[in-house]
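In full-length UniProt numbering, the protein residues as written are 1 to 198.
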Amino acid sequence: MPKSSSKDPNKPKGPKNIYNFFLQEEREALKKTGGDSTTEGDGPGFLDFSKACAEKWKTLSEGDKQRFKEAAEKDKLRYENEMANYTPPKSEVSGRKTRKAKKMKDPNQPKPAMNAFMYFSTDVRPKLKEEHPEAPTKELSKMLGDKWGKMSDEEKQPYQHRAKEDKQRYEEEMKAFKKGDYVVPSTSMAVDMVEAEE
């Protein structure tokens, strides 16, 4: 399935390097001979052709490579001249697809509510870290998930209760924030709230 290109068709074609000119000559030579008689079909496959060209390129002297070098330099000048006279369309000025600007989050926006598992993790992670100081973060997260999954609904209840309260806090603060009445709690107030919860 062909790729749909969003590139400007009028944009100058990029310059070829020395090896590209060598490959082009080899391809043309192969077409003229009708393919190598030692291979089946109309000629060697792409991989065989590429491998043979790479081997041949290694054996070429600097003198033999000179004409390809000159052709590449000439093509580079052609490209630079064409680009100097080229005006890209507005959508391509940046050289990439235009993206929607990321919406900046207001730093004064209320802190999102934590779920029950987040409260559980906050309580249990330090103890787990103490028991398994070498464990990476990913492994600790897996342990927390396993512990949480094995807990009964009764054991989860205190965390679910805290999450429910936090959700109410967040909804109320968001209402005030949208109205413009929200006041960001100071650090000392936030500490008092955490202590009150404990």
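All residues carry an ideal CB built from backbone N, CA and C; glycine is no exception.
Is the Cβ-Cβ distance between Tyr159 and Phe120 less than 7 Å? Tyr159 is a Cβ neighbour of Phe120, given a cutoff of 7 Å.
Going by beta-carbon coordinates alone, are Tyr182 and Glu173 separated by less than 7 Å? The beta carbons of Tyr182 and Glu173 sit closer together than 7 Å.
Look at the alpha carbon of Lys112 and the alpha carbon of Lys167, and state the distance between them as a whole number of angstroms. First, the amino acid is wrong: residue 112 is Pro here, not Lys. If I take the Cα positions, the gap works out to 8 Å.
Please determine, among Glu154, His161, Arg125 and Arg162, the residue with the shortest C-alpha to C-alpha distance to Asp146. Shortest Cα-Cα distance from Asp146 to any of Glu154, His161, Arg125 and Arg162 involves Arg125.
Give a yes or no on whether the C-beta atoms belonging to Asp75 and Lys11 are separated by under 7 Å. It is not a contact, given that the beta carbons lie outside the stated cut-off.
Output yes or no for whether 7 Å exceeds the beta carbon distance between Ala176 and Ala116. Not in contact: Ala176 and Ala116 (Cβ atoms no closer than 7 Å).
So which of Lys32, Val184 and Glu155 has the shortest CA-CA distance to Asp109? Looking at the sequence itself, residue 109 is Gln, so the reference to Asp does not match. The shortest C-alpha to C-alpha distance from Gln109 to any of Lys32, Val184 and Glu155 is the one to Val184.
Exposure of Phe46, with buried meaning 16 or more beta-carbon neighbours within 10 Å: Phe46 comes out exposed.
Taking Cβ positions, are Leu30 and Cys53 nearer each other than 7 Å? For the pair Leu30 and Cys53, the CB atoms are not nearer than the 7 Å cut-off.
Residue 199 burial status per 10 Å Cβ neighbour count (16 or more: buried): Here the chain covers residues 1 to 198 and nothing more, so residue 199 does not appear.
In whole angstroms, what separates the C-alpha of Glu28 from that of Lys69? One Cα belongs to Glu28, the other to Lys69, and the distance between them is close to 18 Å.
Integer Cβ distance of His132 from Leu140, believed to fall under 8 Å: Right, their Cβ atoms sit about 7 Å apart.
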